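Student:
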Amino acid sequence: MKEKLRPFLLVLADLALLGASLVVFALFHHVLPGTAVERQETTPGETAVFSFPGRFTDGGVEERWDGDIYHYRDAGLDLTVTFYEKDGASYTLADFYLKDLSRFRTAFAGGEFVTGVSDSVLHMASENGALLAASGDYCGVRKSGVVIRDGRVYRRDKTHEVCVLYRDGVMETYRFADFHVDDAVARGAWQAWDFGPCLLLPDGSARTDFHPGIAGPNPRMLLGYFEPGHYCLAAVNGRQSASPGLTLPECAALMEGLGCRAAYNLDGGHSAVMTLSGQIVNKPSKAGGRDISDILYLAKEAGA
Amino acid sequence: MSVNKRRVKLWLSVLAHLVAVLSVMMLTLFILDRVNEAMAFLNNEITKWILAVYALLAAILAAGVIVLYEKGLKEDRSGSEDKGERHDQE
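So the sequences go chain by chain: C and A. Residues in the first sequence are numbered consecutively from 1007, following my numbering. Residues in the second sequence are numbered consecutively from 20, following my numbering.
#1: Determine the chain C residues that contact A39/A at a beta-carbon separation under 7 Å, and present them in chain order.
#2: What does a CB cutoff of less than 7 Å around R1111/C pick up in its chain, not counting 5 residues either side in sequence?
#3: What are the start and end residues of the beta strand (DSSP E) that includes R1173/C?
#4: Going by DSSP, what residues sit across from S1141/C in a beta bridge?
#5: Using 8 Å as the threshold, is the segment 1173-1187 of chain C in touch with the segment 1050-1057 of chain C, meaning 3 or more CB pairs across them?
#6: Is the CB of S1299/C under 9 Å away from at least one CB in chain A?
#7: Less than 6 Å between C-beta atoms, sequence neighbours within five positions excluded: which residues of the same chain meet that for A1221/C?
#8: On the criterion of 16 or more Cβ atoms from any shown chain inside 10 Å, does Y1231/C qualify as buried, or is it exposed?
#9: When the Cα atoms are used, what is the spatial distance from E1133/C to A1115/C?
#10: Note down the Cα distance separating V1187/C from H1166/C, rounded to an integer number of angstroms.
#11: What alpha helix (DSSP H) runs, 4 residues minimum, are completely inside the segment 1094-1133 of chain C?
#12: From K67/A to T1121/C, what does the alpha carbon distance come to, in whole angstroms?
#13: Return yes when the C-beta of T1048/C is under 8 Å from any heavy atom of the ligand PLP, and no when it is not.
#14: Answer with yes or no whether the minimum CB distance from H1036/C to chain A is below 9 Å.
#15: Answer with yes or no whether the minimum CB distance from M58/A to chain C is below 9 Å.
#16: Which first and last residues belong to the alpha helix (DSSP H) in which A1248/C is found?
#17: Counting only beta-carbon atoms, is G1295/C nearer than 9 Å to chain A?
#18: Is the CB of F1201/C under 9 Å away from at least one CB in chain A?
#19: Counting only the same chain and skipping the five closest in sequence on each side, list residues whose C-beta sits under 7 Å from that of S1291/C.
#20: What does a CB cutoff of less than 7 Å around R1109/C pick up in its chain, not counting 5 residues either side in sequence?
#21: D95/A: buried (16+ other C-beta within 10 angstroms of its C-beta) or exposed?
#22: Please go through the segment 1025-1063 of chain C and give each complete beta strand (DSSP E) segment of 3 or more residues, from N-terminal end onward.
#23: So which of L1272/C, G1251/C, Y1076/C and K1008/C has the shortest CA-CA distance to D1093/C?
#24: Could you work out which residues of chain A lie near K1149/C, taking near to mean beta carbons separated by less than 9 Å?
#25: What are the start and end residues of the alpha helix (DSSP H) that includes L1085/C?
And the structure:
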C-alpha cells in the first residue's frame, strides 16, 4: 500500500514545493517593500518656460463648468477636462498648456521611491497639492525598469518601451531597442516612464502592431504630446457593461485623432484613475481604483 | 547495490525533483509574463538567478545521469564478458 502511494506522495511533495517557491518568488518580486533609493543622479539643465499668448491669466484663477466641460486657468496653466461618451467608449480627457514644465510633476506613494509601497491616487494627489492627477506606470511593483522623475534618475535598466519627457518640453517615445538611458539622461530627461507601448509612429500616425496579449479592450491611462508645453491625459473607462474599454489600436487611433505627435500607454486596468481637485473624474473599473506606486500630476501652484 | 551507488542515486533523484519543480516554475513565469508583460515576471533579477540555478542543477543532473549510465553500460559489458569466459571454460 505504502509503495503504491509513493509516486502520488512524491508528486504531491513536488507540487507543494512548487507552490512554496512561487509564493517566495511573489514575495520578493512584488510584495516585500524594497529600500529607498537615496542617492539619485540629477539630469542636467533647467525646465523650460513656454509662451502661449492669451492662454494664461495675469495672476488670478478662473474656474468654470460649461456643461460637462471643466475649464481652469491661472498664471501658468490652462486646463480643460472633457467627459466623452460615444460609440460605446467613454473617457475623461485632460488637455493642458503649461507656462513652466516644472509644474508637470510626478510623486511616489509614501513620498519616496520604494518598491512594494502603494497608495491611492486620491491620497497621493492630496499629499502633493495636485490640481489634476493621474495614475503612472506602477514602477514600484517591479524591481526593474527605467525610473526618472522630476529630473532625478532612480533606476536605469529598461524593461519595456520607454516614454521620456525632456526638460525642454519635448516628449518622445522609444521602442525597446531604440532607447539608451545615458543619452536620455545627458539630454536632460525630466520624466521617464517604462510601461508602454508607444501608441504613435514617428510621423504621428496610429501604430497597429501591438502584442495581442495586451491589446484587448481595457481601462487605460494615456499620455499625449502635442508640442512643448501642451500635453493631454486620457483616462479610458473599461470593464463595465456600458464601456468595455479601448483596445490598443483604438487608443492609438484616439490619440492620432486628437492630433498628438507622440502618445504613450501608462498602467491601465484597475490602476487607471484620474482625479481633479480631490475628486475622481473617471469611472475606475474597481471602486476608487487600486493602490499604486506613483502618479503624474499638475501642481496647484508653480514651484509649490 | 553499494552504499555509495545508492547515495548517488538518491542525490540524483532529489536533483531531478528540484529540476522538475524549477522547470514548472519557469513555465508558470513564462505564461504569467505573456499574460501581463508589464509586471516583468521574466525580465528581473530574481528570475535571472532562478534561471541560473535551474541551468546549474540541470547540468549537474545531466552529468550525473550520463556518468551513471556509462558506468551501468561498462558493468553490463564486463558482466557479459565474465559470463562468456565462464561459458568458454565449461
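All residues carry an ideal CB built from backbone N, CA and C; glycine is no exception. None of the values given here were measured: they were computed from a predicted structure.
Tutor: This is what the structure gives:
#1: Position 20 of the second sequence, counting from 1, holds the residue named residue 39/A. For A39/A, the chain C residues whose Cβ falls inside 7 Å of its Cβ are D1020, in order along the chain.
#2: Against the first sequence, residue 1111/C aligns to sequence position 105. These residues qualify, in order along the chain: D1156, Y1303 and A1305.
#3: Taking the first residue of the first sequence as 1, we reach residue 1173/C at position 167. Element bounds for R1173/C: n/a, residue is neither H nor E.
#4: The residue given as residue 1141/C occupies position 135 in the first sequence. Answer is I1301/C, bridged to S1141/C.
#5: In this structure the segment 1173-1187 of chain C touches the segment 1050-1057 of chain C; the number of beta carbon pairs closer than 8 Å is three or more.
#6: The count along the first sequence starts at 1 and reaches residue 1299/C at position 293. No, because no Cβ of chain A sits closer than 9 Å to the Cβ of S1299/C.
#7: What you label residue 1221/C is simply residue 215 of the first sequence in a count that begins at 1. For A1221/C, same chain residues with a beta-carbon under 6 Å away, outside a window of 5 residues either side, are T1253 and L1254 in chain order.
#8: One-based indexing of the first sequence puts residue 1231/C at position 225. Here Y1231/C is buried, its C-beta having at least 16 other C-beta atoms within 10 Å.
#9: Within the first sequence, residue 1133/C is the residue found at index 127, counting from 1. Within the first sequence, residue 1115/C is the residue found at index 109, counting from 1. Take the alpha-carbon of E1133/C and the one of A1115/C: they are about 10 Å apart.
#10: As a first step, residue 1187/C must be located in the first sequence, where it is residue number 181. As a first step, residue 1166/C must be located in the first sequence, where it is residue number 160. Taking the straight line from one Cα to the other gives about 12 Å.
#11: If we require 4 residues or more, the alpha helix (DSSP H) runs fully inside the segment 1094-1133 of chain C come out as 1127-1133.
#12: Looking up residue 67/A in the second sequence gives position 48. Looking up residue 1121/C in the first sequence gives position 115. Those two C-alpha atoms are separated by around 18 Å.
#13: Of the ligands one can find in the structure shown there are none, so the ligand PLP has no counterpart to examine.
#14: Translated into positions along the first sequence, residue 1036/C becomes position 30. With 9 Å as the cut-off, H1036/C counts as an interface residue toward chain A.
#15: By 1-based counting over the second sequence, the position of residue 58/A is 39. Proximity of M58/A to chain C, defined by a Cβ-Cβ separation below 9 Å, is satisfied.
#16: Your numbering for residue 1248/C matches position 242 in the first sequence. For A1248/C, no alpha helix (DSSP H) run applies, since DSSP gives it neither H nor E.
#17: What you label residue 1295/C is simply residue 289 of the first sequence in a count that begins at 1. False, the Cβ-Cβ gap to chain A never drops below 9 Å.
#18: Your numbering for residue 1201/C matches position 195 in the first sequence. By this cut-off, F1201/C is an interface position.
#19: Mapped onto the first sequence, residue 1291/C falls at position 285. Exclusion of the five residues before and after S1291/C leaves P1225, G1244, R1245, Q1246, G1275 and H1276 as the residues of its chain whose Cβ lies within less than 7 Å of its Cβ.
#20: Along the first sequence, one-based indexing puts residue 1109/C at 103. Here the set comprises G1082, L1083, L1304, A1305 and A1308.
#21: What you label residue 95/A is simply residue 76 of the second sequence in a count that begins at 1. When all chains shown are included, D95/A counts as exposed.
#22: Qualifying beta strand (DSSP E) stretches: none in this window.
#23: As a working note, residue 1093/C is residue 87 in the first sequence. Among L1272/C, G1251/C, Y1076/C and K1008/C, the Cα nearest to that of D1093/C is on G1251/C.
#24: Here residue 1149/C refers to the residue found at position 143 of the first sequence. Neighbours of K1149/C in chain A, taken as residues whose beta carbon is under 9 Å from its own, are A59, N63, E64 and I65 in chain order.
#25: In the first sequence, residue 1085/C corresponds to position 79, counting from 1. Counting along the chain, L1085/C sits inside no alpha helix (DSSP H); it lies in the beta strand (DSSP E) bounded by residues L1083 to K1092.
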